[in-house]
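Residue numbers (my numbering), protein chains in the order written: chain A, 1 to 353; chain B, 354 to 614; chain C, 615 to 915. Worksheet: one structure, shown below.
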Amino acid sequence: MRILVALVAALIAVPALAADQLHLYNWNNYISDETIKRFEADCKCDVVQTYYSDNEELLAKLAAGAKGYDVLVPTANAVQALIKGGQLLPLDKSKIPNLKNVDPAYLDTSFDPGNKYSAPYAMSTTIIGYNDVKMKELGLPTDTWAVIFDPKYLEKVKGRVTVLDSANELFAAALKYLGYSANDVDPKHWDEATALIKKARPYWAAFNASSYIKELTVGNIWLVHGYSNDIFQANQDAQAAKRPFHILQGIPKEGAVLAVDNMVIHKSAPRPDLALRFINFMLDGRNSADLTNLIGSGNPNMDAQKYIKPEIKKLPAVFPPKDFQAKLEQLHDLTPAQRRLRNKLWTEIKAGR
Amino acid sequence: MRRTSAWVWAAAIAAYAFLYVPLVIVVVYSFNDSRLNAEWVGFTLDWYRRLLADDAMLGAAANSLLIAVTASAVSTVLGTMAGFAMYRYRLRLLPLLVLTPIAIPEILMGVSLLIFFVLLNFTLGLVSVALAHVAFCIGFVAIVVRARLAGMDESLTEAARDCGATPWQAFRRVTLPLIMPGVIAGALMAFTLSIDDFVITFFTAGAGTVTLPLQIYSMIKIAVTPEVNAVSTLLMLLTLVLIVVATKVSPSLFRPEEAAP
Amino acid sequence: MAASKRERLAKWTVSGPPLLYLLVFFAAPTLIMVLASFRSPGEFGGLAPFVDEAGKVDLNLESWARFFTEPVFFEIFVKSVWYATLTTLFCLVLAYPLAALIARSPRRYRDLLLLLVILPFWSNFLIRVYAWMIILGPNQALARGVNAVLALFGHAPVPLLFSSFAVLVCLVYVHLPFMVLPLYANLEKHDQALLDAAQDLGANAWQRFWRVTFPLSLPGVYAGAALVFIPALGIFAIPDILGGPEDTLIGNLIKQQFLETRDWPFGSVLSMVLTIAAVALAALAATIGRRGAGGGGVVRA
Numbered sequence: 001m002r003i004l005v006a007l008v009a010a011l012i013a014v015p016a017l018a019a020d021q022l023h024l025y026n027w028n029n030y031i032s033d034e035t036i037k038r039f040e041a042d043c044k045c046d047v048v049q050t051y052y053s054d055n056e057e058l059l060a061k062l063a064a065g066a067k068g069y070d071v072l073v074p075t076a077n078a079v080q081a082l083i084k085g086g087q088l089l090p091l092d093k094s095k096i097p098n099l100k101n102v103d104p105a106y107l108d109t110s111f112d113p114g115n116k117y118s119a120p121y122a123m124s125t126t127i128i129g130y131n132d133v134k135m136k137e138l139g140l141p142t143d144t145w146a147v148i149f150d151p152k153y154l155e156k157v158k159g160r161v162t163v164l165d166s167a168n169e170l171f172a173a174a175l176k177y178l179g180y181s182a183n184d185v186d187p188k189h190w191d192e193a194t195a196l197i198k199k200a201r202p203y204w205a206a207f208n209a210s211s212y213i214k215e216l217t218v219g220n221i222w223l224v225h226g227y228s229n230d231i232f233q234a235n236q237d238a239q240a241a242k243r244p245f246h247i248l249q250g251i252p253k254e255g256a257v258l259a260v261d262n263m264v265i266h267k268s269a270p271r272p273d274l275a276l277r278f279i280n281f282m283l284d285g286r287n288s289a290d291l292t293n294l295i296g297s298g299n300p301n302m303d304a305q306k307y308i309k310p311e312i313k314k315l316p317a318v319f320p321p322k323d324f325q326a327k328l329e330q331l332h333d334l335t336p337a338q339r340r341l342r343n344k345l346w347t348e349i350k351a352g353r
Numbered sequence: 354m355r356r357t358s359a360w361v362w363a364a365a366i367a368a369y370a371f372l373y374v375p376l377v378i379v380v381v382y383s384f385n386d387s388r389l390n391a392e393w394v395g396f397t398l399d400w401y402r403r404l405l406a407d408d409a410m411l412g413a414a415a416n417s418l419l420i421a422v423t424a425s426a427v428s429t430v431l432g433t434m435a436g437f438a439m440y441r442y443r444l445r446l447l448p449l450l451v452l453t454p455i456a457i458p459e460i461l462m463g464v465s466l467l468i469f470f471v472l473l474n475f476t477l478g479l480v481s482v483a484l485a486h487v488a489f490c491i492g493f494v495a496i497v498v499r500a501r502l503a504g505m506d507e508s509l510t511e512a513a514r515d516c517g518a519t520p521w522q523a524f525r526r527v528t529l530p531l532i533m534p535g536v537i538a539g540a541l542m543a544f545t546l547s548i549d550d551f552v553i554t555f556f557t558a559g560a561g562t563v564t565l566p567l568q569i570y571s572m573i574k575i576a577v578t579p580e581v582n583a584v585s586t587l588l589m590l591l592t593l594v595l596i597v598v599a600t601k602v603s604p605s606l607f608r609p610e611e612a613a614p
Numbered sequence: 615m616a617a618s619k620r621e622r623l624a625k626w627t628v629s630g631p632p633l634l635y636l637l638v639f640f641a642a643p644t645l646i647m648v649l650a651s652f653r654s655p656g657e658f659g660g661l662a663p664f665v666d667e668a669g670k671v672d673l674n675l676e677s678w679a680r681f682f683t684e685p686v687f688f689e690i691f692v693k694s695v696w697y698a699t700l701t702t703l704f705c706l707v708l709a710y711p712l713a714a715l716i717a718r719s720p721r722r723y724r725d726l727l728l729l730l731v732i733l734p735f736w737s738n739f740l741i742r743v744y745a746w747m748i749i750l751g752p753n754q755a756l757a758r759g760v761n762a763v764l765a766l767f768g769h770a771p772v773p774l775l776f777s778s779f780a781v782l783v784c785l786v787y788v789h790l791p792f793m794v795l796p797l798y799a800n801l802e803k804h805d806q807a808l809l810d811a812a813q814d815l816g817a818n819a820w821q822r823f824w825r826v827t828f829p830l831s832l833p834g835v836y837a838g839a840a841l842v843f844i845p846a847l848g849i850f851a852i853p854d855i856l857g858g859p860e861d862t863l864i865g866n867l868i869k870q871q872f873l874e875t876r877d878w879p880f881g882s883v884l885s886m887v888l889t890i891a892a893v894a895l896a897a898l899a900a901t902i903g904r905r906g907a908g909g910g911g912v913v914r915a
């Protein structure tokens, strides 16, 4: 009995009384340890990090009322939902002068005009990843979504292809392939995309967003619909394991989805002052470059260019050249009615109908 | 003296093998010289070194252990009471309340508890997570204890009562020792459920609370490195050691029938 | 009468604390979500305000109607029941000899053997599943072996990973201890004398098992079945990680409603259907069990 009381007391006492703490709610491995240490030295505070692995997890938790977070790092469509839901604190521009370092092409977007609430952090594109040896052997193209959707290509890689387990991403790719915008909401176009997906489904090994990269690196899977950061990492791992192939990024000529992750401040942030300081710190070129050098993420910060390793700078998926940039689209958030329709179609696809 | 038949031995060993082949892979791969948990590349102690320097991971492991021990202790006590009550008395509400948390999808329970805690203005943290864990563990303990009690010989307890024991004494000196294997089985299940829970913990954790599953699952889309294998191996060893020590230190807790009266 | 008042006091003392705890930390939060199934989803997620600006209370049956009018949800539900049933059966077959062995071991080894059963499950769930991905990988011994055998029959190679087989194997693996522990707790108290008596009367090993051991162990079997079937019904992580394109279960659908679709009311509806079905099935099994066990009064000699 006494042990029980002691345990409960320990549970309550464990959270240390916060001195100066910044609560950062971020993706895992989305900020390098050195950057954190540098910031902690600069602000003489502690950075307490907790993680999520999906925008929707973040949104669900905040929608249920969770509090205590200072800085969040949602993707553009989640930022849109948060702004409309009144969950964010406007940014005090006077405290973030480094915002001028960001490439104007990524500022003043439709979901946050004037960057009232968000500052771009890092980005990635959703493209094709492939095993170069296998693709050459089979004579398959790697610059078009056809290799993921067209049965005439798919039958050569049957059971060795995976696609992302995300309705938004897969529909976007299908719509792009069919020549529509990734944000097209016409139900007829969605039906076309659904038909396309159902025709290709028998050739796919899985809908997978979590373990596909492992399988690609090991050589069990030869072709994926995936995120540019992950594909970059997969190649690093494959080279480290001395595999006889490379994992390369395939840029589809029909276009792709661009995901820009932004730093925002939650409306009930306990330390908005530290949050602004952090955001300004991360908008400095050198700090921003750390992440790109670590995981090969895209970087909207012009000042960061000079700190980035040359071999990463030339990757088109990481720094899209102008002609590809024109074909990239950021996903918009959908209305509840649209989400319901999409879920109905997605359920049919996943149920094997 | 009858031997257990060879079939039972063979089947049991096959079952143990089924249980342990993946575990052997987990432990062996904690020495794998590759970031991915996908194939063997070479031997290294790097991940253990990295783990011992990784305060975040170690802190998360400590939190998980603390929550698991507390939650399993509380839910074992409450679950045993519930299991005994369900067996002994005709109740209608309790069996339903005990069974439903097992059936209800974790994500619903997580979201509903978060909304509930926010409504009460309850600060999220380790305590909120422990409270949530107890809620879904009670059912597991109760069901095992009740199954253990089913078909139990009442004559022993009646005899104790005839000899003048109060209900509490009859329970503590007669019933409890008889159901102890069920209580321990329940406690082990509760501990296992708590230490590996992700969904409910995700929603009820505070802004600074990290448990081991939260830390690990957030790596799911990047790479679950062998550091996770290393921390799992160490955690298993630690828990095993703790339990073995506990049984040696207070044998009467686990074997009341062998304790001095 | 003093005795019955003391009985009632004892009843409330024992059942009170767990009842109170579950009412506060389970029933109350769940009722919030039960109510949510009659509300509308919020514009950007979560739930729409309960009372909107016009003062109208937001209650409707939209989400419930959706469940009953779109058959695909029922299909997936049936598939999940099928997977959960298979999982329970395989767990029972694997767990029974294991639990029997532990129950019949000498006292000093029993605790250790039991701990050895549960030890693997204190490692993290993800890496255990990843270990299965390694075992079932297309270049590993198991897959090669199975496909070699299939090739003898002229059958095309079959992927072990990203398939229903992988999902089932993992489901059984993850739920096995929850069958072993209740079975053990029950088998442990079986009186060896009964089996000896049966043997003296001429029963062989199978008859001893089927006519004596198994009926006595039924409460343990039901407890184990409940603790495997019910959670297995709602699982989503395993199909996500190593399932094939058609291995979507009701747990995945429910998770989607709360996350991607942000349709909490519909998620609540699906959850409630799942819960009610699971509890109903468990209650049904318990009633059948109780009626069947009425004929098993062989214990009280």
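For glycine and all other residues, C-beta sits at the position ideal for the given N, C-alpha and C.
Asked	Found
Cross-chain neighbours of A/L59 in chain C, by beta carbon under 9 Å	F658, G659, G660, L873, R876
Which of helix, strand or coil DSSP assigns to B/M505	coil
Own chain residues within Cβ distance below 6 Å of A/T125, not counting five before or after	S228, A256, L258, A317
Beta-carbon proximity check, A/V73 vs A/W27, cutoff 9 Å	yes
Near-chain C residues of the segment 21-33 of chain A (beta-carbon distance less than 7 Å), N- to C-terminal order	none
Closest residue to A/A133 among A/N220, A/G285, A/W346 (Cα-Cα distance)	The identity of residue 133 of chain A in the sequence shown is Val, whereas the question assumes Ala. When only C-alpha atoms are compared, the closest one is A/N220.
The segment 521-541 of chain B: positions lying closer than 9 Å to chain A by Cβ	none
Buried or exposed (CB count within 10 angstroms, at least 16 for buried), A/A337	exposed
Residues that A/Y51 contacts on chain B, provided the C-beta gap is smaller than 9 Å	V563, L567, Q568, Y570, S571, M572
Cβ contact (3+ pairs, closer than 8 Å) linking the segment 446-463 of chain B and the segment 560-573 of chain B	no
Near-chain A residues of the segment 364-391 of chain B - C-beta to any C-beta below 9 Å	D386, S387, R388, L389, N390, A391
Inter-residue spacing [alpha-carbon to alpha-carbon] between C/R620 and C/W626	10 Å
For B/T562, the first and last residue of its enclosing beta strand (DSSP E)	It is not in any beta strand (DSSP E) - B/T562 carries neither H nor E in the DSSP assignment.
As assigned by DSSP and simplified to three states, the class of B/M572	coil
Cβ pair C/S831, C/H804 closer than 9 Å	yes
Stretch-stretch touch, CB-based, cutoff 8 Å, three pairs: the segment 143-150 of chain A with the segment 100-108 of chain A	no
C/Y723 burial status per 10 Å Cβ neighbour count (16 or more: buried)	exposed
DSSP state of A/L164 mapped onto helix, strand, coil	coil
9 Å Cβ cutoff, A/E215 in contact with chain B	yes
Rounded straight-line distance, which links the Cα of C/F681 to that of A/S53	29 Å
C-beta contact flag for A/K136 and A/Y203 at 9 Å	no
is_contact[A/G298, chain B] using C-beta, thresh 9 Å	no
Test: C/G908 CB closer than 9 Å to a CB of chain B	Only weak support exists for where C/G908 lies, its pLDDT of 47 falling under 50; the coordinates are left without a value.
Proximal residues of chain C, C-beta to C-beta of B/T600 below 8 Å	D725
Residue span of the alpha helix (DSSP H) that contains B/T586, given as start and end	579-602
Cβ of C/W746 within 9 Å of any chain B Cβ	yes
Sufficient close CB pairs (3 or more, under 8 Å) joining the segment 554-562 of chain B to the segment 426-446 of chain B	no
Straight-line gap, B/A363 to B/I548 (C-alpha atoms, nearest Å)	31 Å
Residue-level contact to chain F via CB, B/E511, 9 Å cutoff	In the structure shown, chain F cannot be found, because the protein chains are A, B and C.
At least three beta-carbon pairs within less than 8 Å, the segment 835-844 of chain C to the segment 183-197 of chain A	no
Residue closest to B/A512, alpha-carbon to alpha-carbon, out of B/V361, B/W360, B/F524, B/A503	B/F524
Nearest to C/A709 (by Cα), restricted to the options B/F437, B/A368, B/A495, B/N390	B/A368
Chain A within 9 Å of B/F555, Cβ atoms only	yes
Spatial distance of C/V883 from C/L867 (CA atoms)	11 Å
Test item: CB-CB of C/L847 and C/A891 under 9 Å	yes
Touching by the beta-carbon criterion (3+ pairs, under 8 Å), the segment 43-53 of chain A and the segment 245-253 of chain A	no
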